[in-house]
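Trainee: Just dropping this structure here.
In this note's numbering, the protein residues as written are 4 to 146.
Structure below.
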């Protein structure tokens, strides 16, 4: 999976990563779109991984950077007030830490870890195919 992520990053930021973070890479296949716009496109695909989004609700699921995944849900509660929840999954050497407002931070395991791993794999496959028009295994352009 690291190889797929590396290829996706190269598509996003280009292959001539400068030591000066203020300089933009020159070879950017998606240079007409901002990083935020690309994340939004990817998030739309990520949102579909968990089933349909009901009218009046909102969902986002995206890769913020190499070590962070964001899952955001917004809905109307039984009290007719807008509710929301953001979950950040931080990838550490010793596991994946789940971070939510007002809840203790926990390393995920078992079925939740399997579900997240499957979601990440599906995300990469769909994003590579639908946005970047590339094979998720090889990074080669689709015909």
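Glycine residues also receive a C-beta, built at the ideal position from the N, C-alpha and C atoms. This structure is a prediction, so every number in the text was calculated from the model and none was measured.
#1: What does the alpha-carbon distance come out to for the pair residue 125 and residue 138?
#2: Apart from the five residues on each side of it in sequence, which residues of its chain come closer than 7 Å, Cβ to Cβ, to residue 76?
#3: Do the region 87-102 and the region 64-78 touch if we need at least three Cβ pairs shorter than 8 Å?
#4: In angstroms, rounded to a whole number, what distance separates the CA positions of residue 145 and residue 83?
#5: If we count the other Cβ atoms within 10 Å of its Cβ and call it buried at 16 or more, is residue 115 buried or exposed?
#6: Following the continuous beta strand (DSSP E) through residue 97, name the residue where it begins and the one where it ends.
#7: Is residue 48 near residue 109, with beta carbons less than 9 Å apart?
#8: Where do the N-terminal and C-terminal ends of the alpha helix (DSSP H) with residue 42 fall, by residue?
#9: Would you list the residues sitting across from residue 109 in a DSSP beta bridge?
#10: Can you pull the DSSP bridge partners for residue 131?
#11: Tell me which same chain residues have a C-beta within less than 6 Å of the C-beta of residue 98, skipping the five on either side of it?
#12: Secondary structure at residue 118, three-state DSSP: helix, strand or coil?
#13: Would you call residue 66 buried or exposed, if buried means 16 or more other Cβ atoms sit within 10 Å of its Cβ?
Mentor: Reading off the structure:
#1: 13 Å
#2: 62, 87 and 88
#3: Two segments are said to touch when three or more pairs of C-beta atoms, one from each, lie closer than 8 Å; by this definition the region 87-102 touches the region 64-78.
#4: 46 Å
#5: exposed
#6: Looking at the DSSP string, residue 97 is not in any beta strand (DSSP E), and its letter there is neither H nor E.
#7: Against a cut-off of 9 Å, the Cβ pair of residue 109 and residue 48 comes out as no contact.
#8: Annotation for residue 42: the continuous alpha helix (DSSP H) segment containing it runs 38-50.
#9: 101
#10: Residue 131 pairs with nothing; no bridge assigned.
#11: 110
#12: helix
#13: buried
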